[in-house]
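These notes concern the structure reproduced below.
Numbering (our numbering), first residue to last: 186 to 622.
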């Protein structure tokens, strides 16, 4: 069927999900039964958050490294201190572990994003899928996922730095919601339309049915039968119970305030609702961390929102019994230069720094209240226990019950391992993070 015919038939109302649903699965992808985790919530700090101003403070390094943030605070775990702008997360430290020795050595946004999210080094001639696409492959379509919500969701804007699905193809790309969940109506692309009532949607559905000549002429054709089923599922998502997962008016005002009435906080709340419905992978794409200029002004604005939203997410998942089965992963493509660039035109900014940075993990089998590795006294190099993106991603796969030695189908022929065969940039590490699993 042509794109024009599909548009006429109304199938694209489901944001493309149903079309992918009827594409053949290239290999039977089955996760093992040893999984501790069922879902992942990835909090992606697009642009690269400064490790010194978040989870790896260096108060003794001096003004040229700390700037005005010189008073890190104690957490509820003895011996762990984090940035003073994260007081709520400081009281949740027993739920998460901080990885302070993350490294890959790359300072380019696109390449670093790809390396952190796919686990593979660049330049091997293959575009590997990111974690979300692999999880969608094993625990989504190929793993028996039956939900109407796509198995890989991004809130709210596509990440845009790399091809998320890689060689797996468009079937495994994330569904990006668009919209803003902090607004009165969260207008989710293809599911919730601004100013469109349920009655209006039903009238549209009935009209499409009346003018659908393809069904009357070619009703027994397999493609038409599949399209009708797709159409039915699309409207089940729009008008049925499944789409209501995006309706935050169903949450109490107290809960919404707990997360913070801003885009990031309400995205965290939507993410909790999605994993509660069994969605395997959710990414919260939090922009604005490429702080070459006015870095500390940005930190004072952004970090309180992250503090409130992420701490509420951990607290809420715990109270609902979901944290044990949900991995929460915070981080970006790299850190920021420890030495502050006071000179014009930066005027107190931080550059890109891939030599060492921090990530945070919680839930899904990860222990809380731990610190893995360390940077040096100024946060410039890894001091102990380097952790490559592949080490972290391999840990995710193991907790999700995905065999890290498994092979994925390569459309160019043969198959490709989901994990790299060699260490990135020649850096050798102990591998999987067993000390916190």
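Even glycine gets a Cβ: it sits at the ideal position worked out from N, Cα and C.
{"query": "Cβ-Cβ separation, residue 338 to residue 360 (assumed contact under 8 Å), whole Å", "result": "5 Å"}
{"query": "Residues bridged to residue 283 [DSSP beta-bridge criterion]", "result": "545, 556"}
{"query": "Burial state of residue 527 (16 or more Cβ within 10 Å)", "result": "exposed"}
{"query": "beta-carbon residue 485 near the ligand GTP non-hydrogen atom, thresh 6 Å", "result": "Inclusion of the ligand GTP in the displayed structure is not the case, the ligand content being empty and no account of it being possible."}
{"query": "Sequence-distant residues of the same chain with beta carbon closer than 7 Å to residue 460, five excluded per side", "result": "224, 226, 467, 507, 511"}
{"query": "Distance CB(residue 493)-CB(residue 273) smaller than 7 Å", "result": "yes"}
{"query": "Runs of alpha helix (DSSP H) lying entirely within the stretch 299 to 324, each at least 4 residues, in chain order", "result": "316 to 320"}
{"query": "Residue 210, DSSP secondary structure in three states", "result": "Note that residue 210 scores a pLDDT of 41, beneath 50, so its modelled location is shaky; the value from the coordinates is reported in the next line. It is coil, neither helix nor strand."}
{"query": "Simplified DSSP assignment, three categories, for residue 511", "result": "strand"}
{"query": "Sequence ranges, alpha helix (DSSP H) only - wholly within the stretch 240 to 272, length at least 4", "result": "248 to 251"}
{"query": "The stretch 288 to 297 in contact with the stretch 310 to 320 per 3-pair CB rule at 8 Å", "result": "no"}
{"query": "DSSP state of residue 486 mapped onto helix, strand, coil", "result": "helix"}
{"query": "When 603, 256, 245 are compared against residue 318, the one with the closest alpha-carbon", "result": "603"}
{"query": "Residue 469, DSSP secondary structure in three states", "result": "strand"}
{"query": "Distance CB(residue 366)-CB(residue 452) smaller than 7 Å", "result": "yes"}
{"query": "Counted within 10 angstroms of its Cβ, other Cβ atoms place residue 514 as buried (16 or more) or exposed", "result": "buried"}
{"query": "Chain-order list of residues whose beta-carbon lies under 8 Å from that of residue 278 (same chain, five-residue window excluded)", "result": "260, 261, 262, 265, 267, 553, 554"}
{"query": "Range covered by the beta strand (DSSP E) that runs through residue 569", "result": "567 to 569"}
{"query": "C-alpha gap between residue 431 and residue 235, whole angstroms", "result": "31 Å"}
{"query": "One or two residues paired with residue 226 in a DSSP bridge", "result": "467, 513"}
{"query": "Option nearest residue 538 by Cα separation, candidates 531, 229, 228, 237", "result": "237"}
{"query": "Under 7 Å between C-beta atoms of residue 499 and residue 280", "result": "yes"}
{"query": "Proximal residues to residue 208 (C-beta, below 7 Å), its chain only, five neighbours per side dropped", "result": "Annotation note: pLDDT 36 at residue 208 (below 50); position unreliable, no value reported."}
{"query": "Host beta strand (DSSP E) of residue 530 (start-end)", "result": "It is not in any beta strand (DSSP E) - residue 530 carries neither H nor E in the DSSP assignment."}
{"query": "Spatial neighbours of residue 305 in its chain, beta-carbon cut-off 7 Å, leaving aside the 5 residues before and after", "result": "313, 605"}
{"query": "Secondary structure of residue 367, DSSP reduced to three states", "result": "coil"}
{"query": "Cβ-Cβ distance between residue 222 and residue 549 below 7 Å", "result": "yes"}
{"query": "Sequence-distant residues of the same chain with beta carbon closer than 7 Å to residue 212, five excluded per side", "result": "With a pLDDT of 39 at residue 212, under the threshold of 50, the modelled position of this residue cannot be trusted, and the question is left open."}
{"query": "Inter-residue Cα distance where the pair is residue 599 and residue 316", "result": "21 Å"}
{"query": "Contact under 7 Å by Cβ, residue 609 with residue 577", "result": "no"}
{"query": "Residue nearest to residue 534 in terms of C-alpha spacing, selected from 351, 503, 525, 540", "result": "525"}
{"query": "For residue 340: DSSP bridge partner residues", "result": "469"}
{"query": "Residue 565 versus 587, 540, 588, 558, residue with shortest Cα-Cα distance", "result": "540"}
{"query": "Endpoints, the alpha helix (DSSP H) within which residue 580 is located", "result": "574 to 585"}
{"query": "Unbroken beta strand (DSSP E) run spanning residue 600, endpoints", "result": "600 to 602"}
{"query": "Residue 214, buried or exposed, once every other Cβ within 10 Å from all chains shown has been counted against 16", "result": "Unreliable placement is indicated for residue 214, whose pLDDT of 45 sits below 50; the coordinate value is still reported in the next sentence. Its Cβ being crowded by 16 or more others within 10 Å, residue 214 is buried."}
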